[in-house]
Amino acid sequence: MEPVVWNGVGSTEPQVGAGALSSAAGARAGATRRFWRDVLLGGAAIFAIHIFLVQISVVRGSSMSPSLRDGDRLMVDRVSYAMTDVARFDVVVLRYPRNPELDFVKRVVGLPGDLTEIANGLVRVNGQAVPEDFAHICDVHSRGVWRVPHDRFFVLGDNRPISCDSREFGMVERRLLKGKVRVCFWPLDHFTVF
120 MEPVVWNGVG
130 STEPQVGAGA
140 LSSAAGARAG
150 ATRRFWRDVL
160 LGGAAIFAIH
170 IFLVQISVVR
180 GSSMSPSLRD
190 GDRLMVDRVS
200 YAMTDVARFD
210 VVVLRYPRNP
220 ELDFVKRVVG
230 LPGDLTEIAN
240 GLVRVNGQAV
250 PEDFAHICDV
260 HSRGVWRVPH
270 DRFFVLGDNR
280 PISCDSREFG
290 MVERRLLKGK
300 VRVCFWPLDH
310 FTVF
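The letter at position 165 of the sequence shown is residue 284 when you use our numbering, and the numbering goes up by one with no holes.
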């Protein structure tokens, strides 16, 4: 600690020595450097999480209605499919096969090797009717039979009459899957965990 220097003869006002002033300035400068270092490290961590682990997506359109609505904000897990298999009924964000610059959100219905059939508004996989509590809007005009090749998936929108999905653009390659939708977090009245 710096000694207190008195202000001349007979003065009772203490004066802080020059060393104490430079210590205070150094402490402020150190705190400022630590603050900016923490801001930069925090920003880099958030950037890395966004690039490698989690993606925030905004739903555009109503092809997944009523499960997802136009404007919903989604948290997309970008790493789980590197460690686990894609499961039937996973809601996924994928690159549109005809224009990989666009992202689509769809539901996985057919897995590799499955025989998927649609007729009279009913979806069958390997001969079994698929329970689809999420697809409240059926498309009675859509029909077809598809065998899902290795490392590809058959995806459908929940709002079948207006959805652009595997019925139109075919099976989706695994490499086009960007991630699994984990949470619809906004708006709060539509908060959903998938």
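Note that the Cβ used here is the ideal one computed from N, Cα and C, for glycine as well.
Kindly provide the ranges of any beta strand (DSSP E) runs that are 3 or more residues long and lie completely inside the segment 165-245, ordered along the chain. 173-177, 192-196, 210-215, 218-229, 234-238 and 241-244
Candidates L275, L295 and V211: which alpha carbon is nearest R286's? Numbered from 1 along the sequence shown, position 167 holds the residue referred to as residue 286. Looking at the Cα atoms, L275 is the closest of the given residues.
Using the rule of at least 16 other Cβ atoms within 10 Å of the residue's Cβ for burial, across every protein chain shown, is A150 buried or exposed? Taking the sequence shown and counting its residues from 1, the one referred to as residue 150 is at position 31. Exposed is the call here.
Exposure of H312, with buried meaning 16 or more beta-carbon neighbours within 10 Å: Here residue 312 corresponds to residue number 193 of the sequence shown, with the count starting at 1. Before going further, note that residue 312 is Val rather than His in the sequence given. Under this definition V312 is an exposed residue.
Around the C-beta of R226, are 16 or more other C-beta atoms found within 10 angstroms, so that it is buried, or is it exposed? Along the sequence shown, one-based indexing puts residue 226 at 107. Flag for R226 reads buried.
Taking only the alpha-carbon atoms, compute the straight-line gap between V267 and L230 and give it to the nearest angstrom. Numbered from 1 along the sequence shown, position 148 holds the residue referred to as residue 267. Numbered from 1 along the sequence shown, position 111 holds the residue referred to as residue 230. Near 6 Å, if we compare the C-alpha coordinates of L230 and V267.
Exposed or buried, what is E121 when buried is set at 16 or more other beta-carbons lying within 10 Å of its beta-carbon? For the purposes of this step, residue 121 is identified with residue 2 of the sequence shown, where counting begins at 1. Annotation note: pLDDT 46 at E121 (below 50); position unreliable, no value reported.
Going by DSSP, what residues sit across from V302 in a beta bridge? Position 183 of the sequence shown, counted from the first residue, corresponds to residue 302. BP columns for V302 point to M194 and V312.
In angstroms with no decimal places, state the Cα-to-Cα distance between V123 and R147. Here residue 123 corresponds to residue number 4 of the sequence shown, with the count starting at 1. Here residue 147 corresponds to residue number 28 of the sequence shown, with the count starting at 1. Only weak support exists for where V123 lies, its pLDDT of 41 falling under 50; the coordinates are left without a value.
Rounded to the nearest angstrom, how far is the Cβ of S186 from that of F253, given a contact under 8 Å? Here residue 186 corresponds to residue number 67 of the sequence shown, with the count starting at 1. Here residue 253 corresponds to residue number 134 of the sequence shown, with the count starting at 1. Rounded, the Cβ-Cβ distance is 5 Å, consistent with contact.
Take every Cβ of the segment 185-202, pair it with every Cβ of the segment 295-312, and state whether three or more of those distances are shorter than 8 Å. yes
Can the beta-carbon of L296 be found less than 8 Å from the beta-carbon of V211? Against the sequence shown, residue 296 aligns to sequence position 177. Against the sequence shown, residue 211 aligns to sequence position 92. For L296 and V211, yes; Cβs fall inside 8 Å.
Which residues bound the beta strand (DSSP E) around R271? In the sequence shown, counting from the first residue as 1, residue 271 sits at position 152. Counting along the chain, the beta strand (DSSP E) containing R271 begins and ends at R271 to L275.
At a cut-off of 7 Å, would you count I175 as near the ligand HEM, judging by its Cβ distance to the nearest heavy atom? Because no ligand of any kind appears in the structure shown, any question about the ligand HEM cannot be addressed here.
Give the DSSP bridge partners of R314, in chain order. What is shown of the chain runs 120 to 313, which leaves residue 314 out entirely.
Identify, in the order they occur along the chain, each residue of the same chain with its Cβ nearer than 8 Å to the Cβ of F288, setting aside the five sequence neighbours on each side. In the sequence shown, the residue the question calls residue 288 occupies position 169. So the qualifying residues of the chain are Y215, P216 and R217.
Let's see if you can read the secondary structure: which residues bound the alpha helix (DSSP H) around F288? Taking the sequence shown and counting its residues from 1, one reaches residue 288 at position 169. It spans S285 to F288 - the alpha helix (DSSP H) in which F288 sits, taken as one unbroken run.
Please name the residue in R294, F304, G232 and N239 whose C-alpha comes closest to that of V201. Position 82 of the sequence shown, counting from 1, holds the residue named residue 201. The sequence shown places Ala at residue 201, not Val. Of the listed residues, the one whose Cα sits closest to A201 is R294.
Taking C-beta to C-beta, are V178 and L193 nearer than 8 Å? Numbered from 1 along the sequence shown, position 59 holds the residue referred to as residue 178. Numbered from 1 along the sequence shown, position 74 holds the residue referred to as residue 193. Yes, the Cβ-Cβ distance between V178 and L193 is below 8 Å.
Option nearest D270 by Cα separation, candidates D209, R197 and D233: On the sequence shown, residue 270 is found 151 positions in, with the first residue counted as 1. The option with the nearest alpha carbon to D270 is D233.
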